[in-house]
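Here the structure is laid out as structure tokens; the discussion comes afterwards.
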Amino acid sequence: MKILVTGGAGFIGSHYVRTLLNDGYDGYDGYDAPEADGGTPDAYAGADVTVLDKLTYAGNRENLPAAHPRLTFVRGDICDAALLDDLLPGHDAVVHFAAESHVDRSVASGAEFVRTNVLGTQTLLEACLRAGVQRFVHVSTDEVYGSIDEGSWTETWPLAPNSPYAASKASSDLVARAYWRTHGLNVSITRCSNNYGPYQHPEKLIPLFVTNLLEGESVPLYGEGANIREWLHVDDHCRAIHLVLNRGRAGEIYNVGGGNERTNRQITEQLLELTGSDWSSVRRVADRKGHDLRYSLDESKIRDELGYAPRIPFEQGIAETVAWYRDNPGWWKAVKSASATAPSQPARTQEPVA
Ligand code: NAD
Ligand code: DAU
Numbered sequence: 000m001k002i003l004v005t006g007g008a009g010f011i012g013s014h015y016v017r018t019l020l021n022d023g024y025d026g027y028d029g030y031d032a033p034e035a036d037g038g039t040p041d042a043y044a045g046a047d048v049t050v051l052d053k054l055t056y057a058g059n060r061e062n063l064p065a066a067h068p069r070l071t072f073v074r075g076d077i078c079d080a081a082l083l084d085d086l087l088p089g090h091d092a093v094v095h096f097a098a099e100s101h102v103d104r105s106v107a108s109g110a111e112f113v114r115t116n117v118l119g120t121q122t123l124l125e126a127c128l129r130a131g132v133q134r135f136v137h138v139s140t141d142e143v144y145g146s147i148d149e150g151s152w153t154e155t156w157p158l159a160p161n162s163p164y165a166a167s168k169a170s171s172d173l174v175a176r177a178y179w180r181t182h183g184l185n186v187s188i189t190r191c192s193n194n195y196g197p198y199q200h201p202e203k204l205i206p207l208f209v210t211n212l213l214e215g216e217s218v219p220l221y222g223e224g225a226n227i228r229e230w231l232h233v234d235d236h237c238r239a240i241h242l243v244l245n246r247g248r249a250g251e252i253y254n255v256g257g258g259n260e261r262t263n264r265q266i267t268e269q270l271l272e273l274t275g276s277d278w279s280s281v282r283r284v285a286d287r288k289g290h291d292l293r294y295s296l297d298e299s300k301i302r303d304e305l306g307y308a309p310r311i312p313f314e315q316g317i318a319e320t321v322a323w324y325r326d327n328p329g330w331w332k333a334v335k336s337a338s339a340t341a342p343s344q345p346a347r348t349q350e351p352v353a
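Number 61 in numbering that gives the first Met the number 0 belongs to position 62 of the sequence shown; there are no gaps in the numbering.
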């Protein structure tokens, strides 16, 4: 078997690839297969992996092994149809992570989000048809549903994305579904909540706050800090994706939640405690434009249909994550200094509140 992973040098894609190369999905550790499936072997165990990644500011070759007998790394753009036509033949499956992923950047400028997330996804799907790829998993997000004050979204909830990022992901979901409905491409879509874990770019809440606090710097909390997110360890997200790759049905969407709802104030409190800091390190700053208040997923479909269950309790996962950043300053200091010297920084939305 041969899998092409787009965006495999980013946060989640690289976790997925490292786990594949370490044979970490063998036997679906932690997954109770329905009896009729007789244990459900992993069809992709031992697969060769091609990573296609543009290495934008968010991609980092060092997130992957420098060399591995089953890994081929290709630096390239998912919008490049000619490159895809060279690369895709011979691959059995595509797992599509590549995207512009940061909401604040999309508020500053949405063009690259539409190009990569919408046009890039369509270019990739079209190339998969030409190459005869048999399976496609499109990795999407809970943000496509908008914001929900109470209750939880099921997969049939109407799409109401609020940020340019979320709108581009919702658009890509629709395009992906259309390639299933129109062309019969075997596409499944996953929609996950907020991930945390090692190797996350320090532009996102948890790694930004942890690394600032470890450096003795302050952290910018948007608005009242009352916004609620549902947190899931990246390893649990990747297990869900691999399960969907193996057993998800064509044309279907699977929410991947986790149930760990926290306000940003609660997350901040926990990170202050884990880094030995206090509230004097917190700067209240102006709110993100159009800031979604709350995300919450109903994930009974993936649990009931595929037997998925997350394995990493939040308290354990967050403590291990803070420890990882503490133990790996070389990784995040290099990423932060590259971002500081990058030519096009997004306009930030976090001016101090008067
Ligand atoms: P990330 O920003 O860390 O990584 C994105 C990767 O895609 C980078 O390696 C980047 O170089 C690559 N890339 C960007 N544009 C490309 C292009 N045109 N061609 C090829 N490669 C390109 O993102 P992430 O947090 O790892 O998210 C991965 C996917 O998961 C995204 O599709 C995102 O929407 C989705 N998702 C993320 C979260 C989360 O909490 N981070 C939650 C749910 C879903
Ligand atoms: O829900 C899934 C989504 O989660 C993914 O699709 C996105 O790719 C991913 O970036 C993430 O989006 P969020 O906008 O929720 O994540 P972020 O880490 O940017 O922000 C989390 C919350 O913290 C949000 O309410 C904004 C707030 N925040 C964020 C930053 C960066 C702050 O208060 N201060 C900050 O500096």
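For glycine and all other residues, C-beta sits at the position ideal for the given N, C-alpha and C.
Assignment of VAL143 by DSSP, reduced to helix, strand and coil, places it in the helix class.
Apart from the 5 residues on each side of it in sequence, SER151 sits with its Cβ closer than 7 Å to the Cβ of SER295, LEU296, ASP297 in its chain, given in chain order. In this structure, LEU184 places its C-beta atom within 8 Å of the C-beta atom of PHE135. Our two residues, ASN116 and ALA66, have alpha carbons roughly 29 Å apart in a direct line. For CYS237, the enclosing alpha helix (DSSP H) starts and ends at 233 to 246. With a cutoff of 8 Å on beta-carbon distance, THR18 and CYS78 are scored as not near each other. Taken atom to atom, the span from the alpha-carbon of GLY257 to that of PRO201 is near 22 Å. In the displayed model, ALA285 falls within coil according to three-state DSSP, outside both helix and strand. Under the criterion of beta carbons closer than 8 Å, GLY75 and LYS1 do not qualify as touching, at roughly 17 Å.
DSSP places HIS95 in the uninterrupted beta strand (DSSP E) bounded by 92 to 95.
In the DSSP assignment, the residues bridged to VAL4 are VAL50, VAL94.
At least one heavy atom of the ligand NAD lies less than 7 Å from the C-beta of LEU54. With respect to VAL132, ILE240 sits apart: the two C-beta atoms are not nearer than 8 Å. Taking the CA atoms as reference points, SER146 sits about 44 Å from PRO68.
Where CYS127 is concerned, the enclosing alpha helix (DSSP H) starts and stops at 120 to 130. Ranked by Cα distance from GLU142, the first of TRP278, GLU154, ALA165 is ALA165.
Cα atoms of PRO312 and TYR43: separation of roughly 27 Å, rounded to the nearest angstrom.
The straight-line gap separating the alpha-carbon atoms of GLY247 and THR49 is approximately 22 Å.
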